[in-house]
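Reading through the structure tokens given below for one structure.
In full-length UniProt numbering, the protein residues as written are 1 to 183.
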């Protein structure tokens, strides 16, 4: 009887081990669960309030599938919230004339075509390789911070590196020596 239970235990462990070897599933590092199945409050954009135009004859003809005055405009709203002028946004997707110098300065060392897709693929492979151990996956333990720990920036060391180069860092706290002198 005990031999049969031992054999069953070994068989069960073998099945669990083989199941853990399969890595065809989507890596989930955060393992966040919602307590309810409601709408995503960040995915729902409210419409703008309806307004009565001053002249009804000046209204444009309706265009099915076209833009509406009350449609949400998150890009323009973000520009306005940050103090910019939302009317300066270029609807064609081209870089506005006033920003071309900024874009050329930012891309002066070149830019790689398809960088977003390349980074997404590399991050997917990283997440697959650092998806946690068997028990962490079975118990839905969040391993996000542990997986990305090697990529973490040491803020203090970076600040000291900038200071050694003589670069002024006015928004950073004073150095440890200066803090000791104040006390």
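Backbone N, C-alpha and C fix where the C-beta goes; we use that ideal spot for every residue, glycine too.
request  = Assign residue 65 to buried or exposed, taking buried as 16 or more other Cβ atoms, counted over all protein chains shown, within 10 Å of its Cβ.
outcome  = Translated into positions along the chain shown, residue 65 becomes position 65. Exposed, by the Cβ-count rule.
message = On the CB-based measure, 16 or more other CB atoms within 10 Å of its CB, does residue 84 come out buried or exposed?
response = The sequence position of residue 84 within the chain shown is 84, counting from 1. By the neighbour-count rule (16 or more Cβ atoms within 10 Å), residue 84 is not buried but exposed.
Same chain, Cβ closer than 8 Å to residue 118, five either side skipped, listed in chain order = Locating residue 118 in the chain shown gives position 118, counting from the first residue. Answer for residue 118: 112, listed in chain order.
ask   = Taking DSSP as the reference, what is the three-state secondary structure of residue 154?
value = Here the question's residue 154 lines up with position 154 in the chain shown. Residue 154: coil per DSSP, three-state reduction.
query = Quick one: what does DSSP say residue 79 is sitting in, helix, strand or coil?
reply = Your numbering for residue 79 matches position 79 in the chain shown. DSSP places residue 79 in helix when its eight states are reduced to three.
ask   = Among 160, 27, 11 and 2, which one has its Cα closest to the Cα of residue 134?
value = In the chain shown, counting from the first residue as 1, residue 134 sits at position 134. Answer by Cα proximity: 27.
inquiry  = Taking the beta carbon of residue 143 as the centre, do at least 16 other beta carbons fall within 10 Å, making it buried, or is it exposed?
reply    = Mapped onto the chain shown, residue 143 falls at position 143. Under this definition residue 143 is a buried residue.
query = Touch check for the stretch 53–71 and the stretch 154–171: three-plus C-beta pairs under 8 Å?
reply = no
ask   = Do the stretch 46–54 and the stretch 65–74 touch if we need at least three Cβ pairs shorter than 8 Å?
value = yes
key: Spatial neighbours of residue 132 in its chain, beta-carbon cut-off 6 Å, leaving aside the 5 residues before and after   = Taking the chain shown and counting its residues from 1, one reaches residue 132 at position 132. So the list reads 143, once near-sequence residues are dropped.
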